[in-house]
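Remarks on the structure that follows.
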Amino acid sequence: MGKTAAKPAKSQLPRVRRTPEEARTLALASARRLLLAEGPDSITLQAVANDLGMSHTNLIHHFGSAAGLQSELMRQMVSELTTTIESAVMRLRAGKGEVKDFVDIVFDAFDRGGAARLAAWMALTGESRHLAPIGEVVRDYIDSVERGAEAEGDAATVHERVTSATLFVTVAALGDAIIGNELRKMVGREREAVRKLIGALLPLVLDTHRAPRSLENR
Numbered sequence: 001m002g003k004t005a006a007k008p009a010k011s012q013l014p015r016v017r018r019t020p021e022e023a024r025t026l027a028l029a030s031a032r033r034l035l036l037a038e039g040p041d042s043i044t045l046q047a048v049a050n051d052l053g054m055s056h057t058n059l060i061h062h063f064g065s066a067a068g069l070q071s072e073l074m075r076q077m078v079s080e081l082t083t084t085i086e087s088a089v090m091r092l093r094a095g096k097g098e099v100k101d102f103v104d105i106v107f108d109a110f111d112r113g114g115a116a117r118l119a120a121w122m123a124l125t126g127e128s129r130h131l132a133p134i135g136e137v138v139r140d141y142i143d144s145v146e147r148g149a150e151a152e153g154d155a156a157t158v159h160e161r162v163t164s165a166t167l168f169v170t171v172a173a174l175g176d177a178i179i180g181n182e183l184r185k186m187v188g189r190e191r192e193a194v195r196k197l198i199g200a201l202l203p204l205v206l207d208t209h210r211a212p213r214s215l216e217n218r
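When we follow full-length UniProt numbering, the leftmost residue of the sequence shown carries the number 1, and every step to the right adds one.
Here it is, written out as C-alpha cells:
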C-alpha cells in the first residue's frame, strides 16, 4: 500500500494584538452597529465578541457587563450629540443658522444615531442608573451655554430659559424618534410635522418675556 497523504495542517488566523484603547473603540463601534441594525437588546457582550472575533472575557475586562458597555456607548453618543448641539448654538448666536437648523440637528442625532432607542430601552428595563453619564454631559452643556449667555439677563432667568429649551427639544426629539412615526400615521401628518411644531414654539420658550400672540389680546 502506498503511503497515506499527510493531512494539510489547519490554517490558523493570526492573533491580532490590540491595545486596550483599540479594543474599547472597536467594541463601541460594533455595539453601535448592532443598535442601529437590530435594536438595543442586541447589544450583548457575546454578540460584540462574535462580531469582532474577540474573547468574551476580554470585553468583561473592559466594560464589566453588557450594561457597562451600553452605558459607555450612551456616554459616547451623548457626548457627540452635545458637541453637535453646542456647534448649532454657536451658529445661532453668530447669526449663521436658524432655529429650524438647531431642531433638525437634535432630532437627527436622536433618530438616526439610535440614542433615543437605547435610552428608552435602558430606562424600561430598570437600567436607568446607567443613564447617569447623560446627566453629566447635559449639565456641562447647560453650563457652557449659560456662560455664553451671561450678558443676556440675570443668571436665574438665563438658567430657566436654557433648561426649558433643553427639556422642550430633547423630550420632543426622544418621543419622535421612539413613537413619532406611528403617531404621525394615526393622525395623518407628514414626517416633519413634529419638527415644524417644535421649531415654531422654541422661540417662545427661549423668550420668557414674550407671550404667544394668541394670548396677548385675551
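The beta carbon of each residue, even a glycine, is placed where N, CA and C say it ideally should be.
Practice problem: Count the other CB atoms, across all protein chains shown, that sit within 10 Å of the CB of Glu22; report buried if there are 16 or more and exposed otherwise. | Solution: exposed
Exercise. Quick one: give me the first and last residue of the alpha helix (DSSP H) that Arg195 is part of.
Key: 193-206
Quiz item: So, do the stretch 51-65 and the stretch 80-87 have three or more beta carbon pairs nearer to each other than 8 Å?
Solution: no
Quiz item: From Ile142 to Ser128, what does the alpha carbon distance come to, in whole angstroms?
Solution: 21 Å
Quiz prompt | C-alpha gap between Val158 and Asn50, whole angstroms | solution = 49 Å
Quiz item: Out of curiosity, what's the CA-to-CA distance linking Arg139 and Leu52?
Solution: 34 Å
Quiz item: Taking Glu136 as the reference, which of Ser42, Ser71, Arg33 has the closest Cα?
Solution: Ser71
Quiz item: Thinking just about the alpha-carbon of each residue, which of Ala27, Gln76, Met186, Ser42 is nearest to the one in Trp121?
Solution: For Trp121, the nearest C-alpha among the options comes from Ser42.
Exercise. Pull up the distance between the alpha-carbon of Ile179 and that of Leu69, whole angstroms please.
Key: 25 Å
Quiz item: Beta carbon of Pro133, beta carbon of Val78: below 8 Å?
Solution: yes
Self-check item: Proximal residues to Ala200 (C-beta, below 6 Å), its chain only, five neighbours per side dropped
Solution: none
Quiz item: Does the beta-carbon of Leu202 have 16 or more other beta-carbons within 10 angstroms, so that it is buried, or is it exposed?
Solution: buried
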